[in-house]
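Have a look at the structure below before the remarks.
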Amino acid sequence: MDGKKLEYKGEDALKEIEKLTTTAGDVQYGILKEILKRNAETEYLNKYMNGSIDVSQFKSCVPVITYKNIYPYIQRIANGEDSSLITGQPITEILCSSGTSAGEPKLTPSIAEDLDRRTFLYNLIMPIMNQYIPGLDDGKAMYLYFVKAELSTPCGLPFRTVLTSYYKSKHFKCRTRDPFNDFTSPDQAILCNDSNQSMYCQLLAGLVHRHQVMRLGAVFASALLRATSFLERKWAQLCNDIRTGHLDLSIIDPACRSAMMSILSSPNPDLADEIESICSRPSWKGILCHLWPRAKYIEAVVTGSMAQYIPPLEYYSAGKLPLVCTMYASSECYFGVNLKPICDPAEVAFTLLPNMGYFEFLPLGENGALAMDIDEEEAVPNDRLVDLVNVKVGSYYELVVTTFSGLHRYRIGDVLQVTGFHNQAPQFRFICRRNVVLSVDNDKTNEEDLHRSITTAKKLLEPYNALLVEYTSYADTSSVPGHYVLFWEIQMVDSATSIDAKLLQECCVTVEEELDYVYRQCRSQEKTIGPLEIRVVEPGTFEALMDLFISQGGSINQYKTPRCIKSSTALKLLNSHALASFSSPRDPKWVPLNG
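Structure, rendered in structure tokens:
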């Protein structure tokens, strides 16, 4: 992408969106031709194309793949082999995504130019928002952004998350300062590797500037709720800093201390009194509006698994602040924007921008029923894929991408539904990640991983003549941090034996230690997921659950116990039959990857 075209302001940005979407088919063809031109001589593409850059040959010869197919190439590059295995440009970093393979984060190749594309998309957000909410340049944005500690691959490439990559890049740190990207948080606080110190400083800065804040946000809704919970615990401490003009001694990061002391330039007892009066109220309903009275909306991802956080966000904002979801992106590729951001979260649809990568779509039927019938590792016939401009309104698809950085016809794993078109470019509603059963934060636990973990844990019951008859689960986000809950129906084979609390606590830990790397990182290091809980239910509970689903129209012949509960009625039934509850007494083991 031409570096000169990274920044579009106001009307120019909106005109660029119109230009791209009006000629989406042509733009997509040009993108694919350029990718093939750059990557034709790579080991991967050359195997199928023999150096050709013909689009029709690409579509007929290059297979549709999943992570396991491309992983060996990425691993070889991480170990020091040349980027030309998969891409014609140098790979500058390896991104770790929240998805996992064999319990470890997925590795995604990234080239320098990818940062240009991400920046291009970020620069479209405010021109879109300004159409709907005026006056956003008359104050600051309190956006809570965080980095994670990065590692290196064996050959020395940075190994980090896509957001850490962006926040540490010159695109973010050297961004043009204007009223629309005036953040309350100093960059030093955002770039602090210690999440607690970073959170403390960012909240403190937001409180100091409370009368200037026009919008609130975080990348994910879960992070904003985590910040609210943190504020509940720390508001007195924060008020003391503001009252005295001195930063708490727990903040030891030198860059953070220096930046925050500039913000705490002098004691401000009046401001501290204002904040104390608000935070000491018995109810925190609407607390976000009270603390930041000029805020006009909350920006965060509230689609997919993050939709479970909409009710608490509405509680803390008293339903007065629109919940805005602005863009659709992943570690592999940034995809598109929400052209109608002030809509109900359930109606969010993203317009895919055709210059971000080459997009194809695997049809999943009119109602998405095929989403779970097509095995993730099953070979997909090349002729099944549909081009961007040829998708049908109302139909469901799995997104397949081809990128400049070496992913060719790669299944992202997202299930999308077409809701309409903006000019030639389709608009999609995000439905779900394929096969994800549980998610609280960045974790994505699928049914296979859950079953494997429980199979290991239930072996602890066998010496006590106890059998796990049936189980299900749900993600409890009624408190912060959220946590996994398992409902277990246990049968005692020998009535003379019994099981105690300690054994079931060990079952909790065993399940957690069998879950994947990202889950254990969130639990043990980042503390963004709480201890796993097992609720033991009465004998016959799962028969009652089956009766409930059948009474609602399910077929007894086709009934399978759902491994994750979404229905509030079903959840109420399970909880009404709960006999006892047990939680993990310690964190699961987690060791950082060596890269």
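Adding 852 to a residue's 1-based position in the sequence shown gives its number in my numbering. From the three backbone atoms N, C-alpha and C, an ideal C-beta is built for every residue, glycine too.
Comparing C-alpha positions only, which one of the options sits nearest to residue i?
i, options, result
"residue 1088", "1119, 938, 1056", "1056"
"residue 929", "949, 1004, 862, 978", "1004"
"residue 1214", "884, 916, 1113", "916"
"residue 872", "1139, 976, 1082", "976"
"residue 1209", "862, 1395, 888", "888"
"residue 1296", "1051, 1309, 1327, 947", "1327"
"residue 1264", "1060, 1273, 1285", "1285"
"residue 1082", "1379, 1413, 1417", "1379"
"residue 1023", "1063, 1071, 968, 1049", "968"
"residue 1255", "1117, 943, 903, 927", "943"
"residue 1155", "1180, 1138, 1167, 1145", "1180"
"residue 1143", "1253, 1117, 1062, 1184", "1062"
"residue 1301", "1027, 1251, 1368, 1362", "1368"
"residue 960", "1129, 1262, 1351", "1262"
"residue 891", "880, 1096, 906", "906"
"residue 1357", "1310, 1331, 1186", "1310"
Given residue i, which residues of its chain have a CB within under 8 Å of its CB, disregarding the five upstream and five downstream residues?
i, result
"residue 925", "895, 896, 937, 938, 1258"
"residue 1109", "1099, 1103"
"residue 1374", "1292, 1293, 1294, 1295, 1380, 1381"
"residue 1173", "1068, 1140, 1141, 1147, 1148, 1149, 1150"
"residue 1064", "991, 992, 1036, 1146"
"residue 1017", "945, 947, 962, 967, 1010"
Is residue i helix, strand or coil when you go by DSSP?
i, result
"residue 1179", "strand"
"residue 1370", "helix"
"residue 1436", "coil"
"residue 1014", "helix"
"residue 1342", "strand"
"residue 1023", "helix"
"residue 1224", "Annotation note: pLDDT 46 at residue 1224 (below 50); position unreliable, coordinate value reported separately. DSSP places residue 1224 in coil when its eight states are reduced to three."
"residue 1257", "coil"
"residue 1381", "coil"
"residue 994", "strand"
"residue 1248", "strand"
"residue 1428", "helix"
"residue 1419", "coil"
"residue 1397", "helix"
"residue 1029", "coil"
"residue 1277", "strand"
"residue 1008", "coil"
"residue 1070", "strand"
Could you give the C-beta distance for residue i and residue j, rounded to a whole number, given that I count them as a contact under 8 Å?
i, j, result
"residue 931", "residue 1044", "Incorrect: roughly 31 Å between the Cβ atoms, too far for contact."
"residue 1279", "residue 1201", "4 Å"
"residue 998", "residue 1047", "6 Å"
"residue 1515", "residue 1433", "The first residue shown for the chain is 853 and the last is 1447, placing residue 1515 beyond what the model contains."
"residue 1366", "residue 1308", "5 Å"
"residue 1274", "residue 914", "That pair is no contact at about 29 Å."
Near residue i, what residues of its chain come up, given a Cβ to Cβ distance below 7 Å and the 5 sequence neighbours on each side ignored?
i, result
"residue 877", "1241, 1276"
"residue 1019", "997, 999, 1042, 1043"
"residue 1377", "1442"
"residue 1164", "1077"
"residue 1425", "1396, 1397, 1400"
"residue 981", "988, 1193"
Does the CB of residue i have a neighbour CB from chain D at under 7 Å?
i, result
"residue 906", "This model lacks chain D altogether; it includes just one protein chain."
Under 6 Å Cβ to Cβ from residue i, same chain only, skipping five residues before and after it: list those, please.
i, result
"residue 1070", "996, 1076, 1152"
"residue 1040", "1107, 1108, 1111"
"residue 1364", "1384, 1436, 1440"
"residue 1333", "1380, 1381, 1382"
"residue 1361", "1436"
"residue 1205", "872, 1188"
Counting only runs that start and end within the segment 904-986, where is the alpha helix (DSSP H) found for 4 or more residues in a row?
907-913, 919-930, 964-982
Restricting to runs no shorter than 4 residues, where is the alpha helix (DSSP H) found entirely within the segment 1084-1140?
Positions of the alpha helix (DSSP H) runs, each at least 4 residues long and wholly inside the segment 1084-1140, are given as 1106-1115, 1121-1131 in order along the chain.
Taking the runs of the alpha helix (DSSP H) that are 4 residues or longer, which of them lie wholly in the segment 1033-1064?
1039-1042, 1047-1060
Going along the chain, which unbroken runs of the alpha helix (DSSP H) with 4 or more residues stay wholly within the segment 1280-1357?
The segment 1280-1357 contains these whole alpha helix (DSSP H) runs: 1299-1310.
Ignoring anything shorter than 4 residues, give me the alpha helix (DSSP H) runs that lie fully in the segment 1159-1208, in order along the chain.
1162-1168
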